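Enquirer: Please find one structure pasted underneath; my questions will follow.
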Amino acid sequence: MTPQQLRALCLSFNAAVEEFPFNPETSVFKVRGKLFALTDLEARPLKVNLKCDPDDAIRLRAEHPDLIVPGWHMNKRHWNTVTVGGTLSDSLVRELVEDSYDLVVAGLPRAERLRLDRA
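Using this note's numbering, the first residue of the sequence shown is number 7, and each one after it goes up by one.
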């Protein structure tokens with residue numbers, strides 16, 4: 007997966023936006039003001055921080071020890087740093103990004119979730 011494909015994937019979700027609150031290099035993808043992906047699209051190797059169910063996070067880290075690690079500068083229980091474009095399949099990366107988005111949406115207030123459903 008290329009940086010452009012990762013960016014397009016993150017922006018393909020309902021109400022997803024890209025912001026740069028930290029610096030011009032760090033893309034922060036949010037839904038309704040809540041972070042679901044964080045990456046430097048120019049970095050090599052390309053890595054992205056994604057929210058993850060704690061049990062899944064442990065399993066994924068064990069299955070892919072060099073490619074999925076505890077989230078850098080994030081809550082290590084709920085976030086993974088995923089190395090993109092290596093031996094991880096694009097389909098797994100897509101699934102992990104989608105899961106991150108879905109977890110963040112599930113944590114939104116009910117009214118916000120309903121607005122997303124109607125958008």
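Every residue, glycine too, gets a C-beta built ideally from N, C-alpha and C.
In this text the structure is predicted, and so the values were computed from the model without any measurement.
So, is residue 85 buried or exposed, given that buried needs 16 or more other C-beta atoms within 10 angstroms?
Expert: A residue is called buried when at least 16 other Cβ atoms come within 10 angstroms of its Cβ; residue 85 meets this threshold and is buried.
Enquirer: Around the C-beta of residue 55, are 16 or more other C-beta atoms found within 10 angstroms, so that it is buried, or is it exposed?
Expert: Burial call: buried.
Enquirer: With burial defined as no fewer than 16 other Cβ atoms inside 10 Å of the residue's Cβ, what is the status of residue 45: buried or exposed?
Expert: buried
Enquirer: With a cut-off of 8 Å on the beta carbons, I'd call residue 109 and residue 59 a contact; round off their distance for me.
Expert: 7 Å
Enquirer: Given residue 70, which residues of its chain have a CB within under 7 Å of its CB, disregarding the five upstream and five downstream residues?
Expert: 94
Enquirer: So does the stretch 27-45 actually touch the stretch 96-107, counting three or more Cβ pairs closer than 8 Å?
Expert: yes
Enquirer: Going by DSSP in three states, residue 104 sits in which element: helix, strand or coil?
Expert: helix
Enquirer: So who's on the other strand from residue 54, going by DSSP bridges?
Expert: 45, 88
Enquirer: May I ask which residues mark the beginning and end of the beta strand (DSSP E) holding residue 149?
Expert: No statement about residue 149 is possible, as the shown extent of the chain runs from 7 to 125 and does not include it.
Enquirer: I need the straight-line Cα distance from residue 15 to residue 120, nearest angstrom please.
Expert: 22 Å
Enquirer: Mapping the DSSP letters down to three states, classify residue 21 as helix, strand or coil.
Expert: coil
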